[in-house]
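Numbering (full-length UniProt numbering), first residue to last: 1 to 243. Heads up: the structure comes next, in structure tokens.
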């Protein structure tokens, strides 16, 4: 039986990137390799002497996640880019790693000193001009939703969207547009839908025989995921506008 062993404490203290375990299994199988072959390559060619077949299997099974250096090495062993092994990126660092870029390249392109840029990755707080934000979005192929998330504006957006859903949505068109610059008709359609869906959700919960407590719980769950609901509504509003 293979043992799972990893040096402790880990040399890389950053949170591990979101790992796409099914993709790792699929890529390994496509190469005709077993976990033992991958583990051997990581030990012999990438300087990770502690990697065992059991650790590779744990990564693929979702019970463990590779660190940033381990993921880069695993991508090399599987002849793929790191981005192919990453789930949906959430942070600035994860977006950069998913694109296979060095921090030096990103810092130079957006016009930041390297140490300043690394601090932004570490803290999750982006401090860039509009021009630098646009350059970052182009380089990392960020959607508007991604830009808002990695520049630390998602909490403010969520606050505004909760207000639009629970009160008079028309009053939030301009404030939301300052955070998420969208076509006005598309934005209005999305906010109107959030407001309607929230009220319909609450009404339906009560009509099913639930008490006010049940409705409150259901409404809170909707509001907890308000940003996710917003981007879905934006996408749908865009499709309707093109129809």
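All residues carry an ideal CB built from backbone N, CA and C; glycine is no exception. Computed from a predicted structure; not experimentally measured.
Three-state class that DSSP yields for residue i in the structure shown
i           : result
residue 227 : helix
residue 213 : Note that residue 213 scores a pLDDT of 49, beneath 50, so its modelled location is shaky; the value from the coordinates is reported in the next line. Note: residue 213 maps to helix in three-state DSSP.
residue 16  : coil
residue 52  : coil
residue 112 : coil
residue 64  : coil
residue 102 : coil
residue 2   : Caution is warranted here: a pLDDT of 48 is assigned to residue 2, below 50, making its placement in the model unreliable, and no coordinate value can be reported.
residue 253 : In the structure as shown, the chain starts at 1 and stops at 243, and residue 253 therefore has no counterpart that could be examined.
residue 141 : coil
residue 175 : helix
residue 180 : coil
Boundaries of the alpha helix (DSSP H) in which residue i is found, first to last residue
i           : result
residue 127 : No alpha helix (DSSP H) holds residue 127; DSSP gives it neither H nor E.
residue 144 : 144-150
residue 96  : 92-98
residue 84  : From DSSP, residue 84 is part of no alpha helix (DSSP H); its letter is neither H nor E.
residue 24  : 21-30
residue 41  : 35-46
Whether residue i touches residue j by CB criterion (7 angstroms)
i           : j           : result
residue 172 : residue 160 : yes
residue 69  : residue 59  : no
residue 35  : residue 53  : yes
residue 78  : residue 27  : yes
residue 136 : residue 110 : yes
residue 230 : residue 198 : no
residue 96  : residue 106 : yes
residue 87  : residue 16  : no
residue 169 : residue 192 : yes
Residues near residue i by beta carbon distance below 8 angstroms, same chain, minus five either side
i           : result
residue 125 : 152
Whole-angstrom C-beta distance between residue j and residue i, which should lie under 8 angstroms
i           : j           : result
residue 93  : residue 121 : 4 angstroms
residue 74  : residue 20  : About 11 angstroms; that fails the 8 angstroms criterion.
residue 165 : residue 226 : 6 angstroms
7 angstroms CB neighbourhood of residue i in its chain, flanking five on each side removed
i           : result
residue 117 : 103, 106, 107
residue 62  : 21
residue 208 : The predicted position of residue 208 is uncertain, since its pLDDT is 48 and thus under 50; no value can be drawn from it.
Own chain, CB closer than 6 angstroms to residue i, minus 5 neighbours either side, in chain order
i           : result
residue 41  : 77
residue 213 : With a pLDDT of 49 at residue 213, under the threshold of 50, the predicted position of this residue should be treated as unreliable, though the coordinate-derived value follows. Excluding positions up to five away in sequence, the list is empty.
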